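The sequence shown runs contiguously to residue 961 in our numbering.
A virtual CB, placed ideally from N, CA and C, is assigned to each residue, including glycine.
Because the structure is a prediction, the values reported are computed rather than measured.
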Amino acid sequence: MKAAYIEEFGDRDVLKVGKLPEPKPGPGEVIVRVKAVSLNHLDIWVRRGIYPKLKLPHILGSDVAGVIEDVGEGVGDVKVGEKVLISPGISCGKCEKCLSGQDNLCKEYKILGEHVWGGYAEFVKIPRENLLPFPKDLTFEEASAIPLVFLTAWQAVVQKGGIGPGDIVFITSGGGGVGSAAVQIAKLFKAYVITTVGSDEKVEKAYKLGADLVINRKKEDFEKVVMDKVGRVDLVIDHSGKENIQKLINITKWGGKVVIYGATSGYDARIDLRHIFYRQVSLIGSTMGSKGVLFRVINLINSKKLRPVIHKVLPLEECKEAHRILEEFSPFGKVVLNVS
């Protein structure tokens with residue numbers, strides 16, 4: 622099959638497009654013909670070698686939309702040719718965490734494209750339980766922009782953040798994949814949403830997405846703007862890591878929460894613990910979310926209450942350019958690869 626893959630870790634030049642063996646379904650598994658796969662910053666970290674012991678060659682890509690190509694033994698409730706969306710989190714399906722709806726806490730949890738071959742290819746193999754209904758009225762490209770970012774955002778904002786009506790929420794990078802999803806989700810709960818973007822052009826786009834206050838982080842100190850205009854916030858949703866963590870703690874109210882789902886600027890952060898215990902600020906980690914969350918997200922997308930945001934669609938053969946855009950440009954919305 623045609624695939625974009627890596628045989629070594631490094632910069633964008635390690636990405637190759639060529640032929641790799643086509644996967645075959647085992648019991649309980651499904652082969653999906655990939656139509657579109659959207660990029661995440663996770664793809665960049667894996668390519669750079671975040672998991673140096675990963676077996677190579679490796680195919681990146683967590684967010685896949687396509688059609689069922691083949692099914693394995695025991696799979697009888699889906700049909701070849703059916704349009705599907707894929708849930709990117711893979712777990713054992715048998716342990717206490719899985720059976721209690723916390724599959725992303727399973728000790729065997731894996732992410733498509735991170736730990737197992739992903740969707741930068743004509744075909745991908747996935748457990749039957751990872752198939753999701755295809756959203757109404759969306760293209761394959763639009764559908765592929767949903768799973769990982771909305772799953773991550775929903776858990777961070779709703780389940781870990783415990784958002785409520787009237788809360789003041791600060792979301793870093795409102796034009797990013799998770800950020801743009803988080804802004805929309807926070808507005809569903811009638812929160813006052815503050816977000817940052819990296820250019821004046823993106824300011825207007827973030828307002829159109831529903832944000833109440835948008836700060837160009839390249840021109841203004843977000844800590845000063847927040848403190849001057851609203852005081853402190855109830856909830857922070859962040860991926861930026863050590864670069865901003867102390868400022869984010871500073872702008873959080875007494876008893877507020879800072880939910881961290883990534884560390885783009887680095888993980889070895891230093892913080893002033895006095896702000897944590899004296900103001901009783903909660904630092905909360907969040908990764909992905911349970912499979913069931915995506916059914917709710919898809920229902921909200923079908924009812925036009927949420928929508929995927931796309932910056933650009935490129936063919937699979939231009940995967941290096943897609944990575945360049947994500948690394949250097951900081952696009953507003955998702956970058957998507959059209960596969961077939």
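Task: Contact the segment 758-765 vs the segment 723-732: 3+ CB pairs below 8 angstroms - done: no
Task: For L660 and K667, the rounded distance between their alpha carbons - done: Here the sequence assigns Val to residue 667, which means Lys is not the residue at that position. Going by the C-alpha atoms only, they are around 12 angstroms apart.
Open item on the list: I need the boundaries of the beta strand (DSSP E) containing D698, first residue and last residue.
Closed with: Here D698 belongs to no beta strand (DSSP E), and DSSP marks it neither H nor E.
- [ ] In the DSSP assignment, find the beta strand (DSSP E) that holds P754 and state where it starts and stops.
- [x] 752-754
Open item on the list: Please tell me whether F791 and V857 are closer than 8 angstroms, where the distance is taken between their beta carbons.
Closed with: yes
Open item on the list: Among the candidates H944, V804, R900, P648, whose CA atom is the shortest distance from the CA of E750?
Closed with: P648
Task: Closest by C-alpha distance to F630, when choosing among R853, A812, K676, A774 - done: K676
Open item on the list: Taking only three categories from DSSP, how would you classify N959?
Closed with: strand
- [ ] Could you check if G639 is buried or exposed, using at least 16 other CB atoms within 10 Å of its CB as the buried criterion?
- [x] exposed
Open item on the list: To the nearest angstrom, how far is the alpha carbon of K941 from that of I931?
Closed with: 18 angstroms
TODO: Can you give me the Cβ contacts of F744 inside the same chain, cut-off strictly under 8 angstroms, excluding the 5 residues immediately before and after it?
DONE: M622, E643, P644, I652, V653, R654, V655, E690
Open item on the list: Using a Cβ distance threshold of 8 angstroms, determine whether the segment 906-917 contacts the segment 775-785, with at least three qualifying pairs required.
Closed with: yes
- [ ] Excluding the 5 residues preceding and the 5 following D833 in the sequence, name in chain order all residues of the same chain whose CB lies nearer than 8 angstroms to its CB.
- [x] Y813, V814, I815
Task: Per DSSP, cross-strand counterpart(s) of I815 - done: F791, L834
Open item on the list: For A890 and L947, what's the separation of their Cα atoms in angstroms?
Closed with: 24 angstroms
- [ ] Kindly indicate which residue of V847, D849, D842, V851 has the alpha-carbon position closest to the one of E864.
- [x] D842
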